[in-house]
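Numbering (this note's numbering), first residue to last: 87 to 268. We treat Cβ as the ideally placed atom computed from N, Cα and C, and that holds for glycine. To start, the structure under review is shown below, and the notes come after it.
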Ligand SMILES: [Zn+2]
């Protein structure tokens, strides 16, 4: 498996060098991305690939079901670095249809190792007893909108996010298309 990655990387390097021999020496000089993007870990939704963005354009944080949690030190550090140090101009929360994290949040039981995180995902969603008819994809959509709201209420955003727009988008696995939700 690892060999497959190494081979893929060789092809990537050759392609980039063909287009621009100085590509990697410029990349080494530093990053100046304009976008901070929060996405799900799902292997099918890789943000750079589905948007055709080359390296250097997006500072990306990923976790299961793209949660913008104030209590998550990893997310908080990423958001802080993106806003204060990189001075990104735009924040995007990207969810997707067919999200396993969202589906797990609607299940009664998950493995104990997952429970803490899935509980957070569950807390992001409407009460199933109040709205039992929402489909998983409708929940994915509501989850994105909830994370956009949370992100804007995050203390780091309140302190360093002045003028930085926060958008929510949904990646439709069944068509490959992105839908702007905000
Ligand atoms: Zn997902």
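CB of residue i to nearest heavy atom of ligand 1: below 7 Å?
i	result
residue 151	yes
residue 182	yes
residue 128	yes
residue 186	yes
Give the DSSP bridge partners of residue i, in chain order.
i	result
residue 121	144, 176
residue 234	Its beta-bridge partners do not exist; DSSP assigns none.
residue 265	256
residue 251	176
residue 181	256
Determine the contact status of residue i and residue j, defining contact as a CB-CB distance below 8 Å.
i	j	result
residue 229	residue 186	no
residue 204	residue 190	yes
residue 177	residue 250	yes
residue 268	residue 234	yes
residue 146	residue 133	yes
residue 257	residue 131	yes
residue 254	residue 231	yes
residue 119	residue 138	no
residue 98	residue 165	no
residue 252	residue 162	no
Between which two residues does the alpha helix (DSSP H) carrying residue i extend?
i	result
residue 272	Nothing in the structure corresponds to residue 272, since the chain is present only between 87 and 268.
residue 114	109-114
residue 93	88-105
residue 205	198-210
residue 244	241-246
residue 135	133-137
residue 188	186-191
Subject >> Cβ pair count under 8 Å reaching 3, the stretch 207-216 against the stretch 164-174 >> reply: no
Subject >> At least three beta-carbon pairs within less than 8 Å, the stretch 150-166 to the stretch 103-114 >> reply: no
Original post:
Is the number of C-beta pairs between the stretch 122-132 and the stretch 140-151 that are closer than 8 Å three or more?
Top reply: yes
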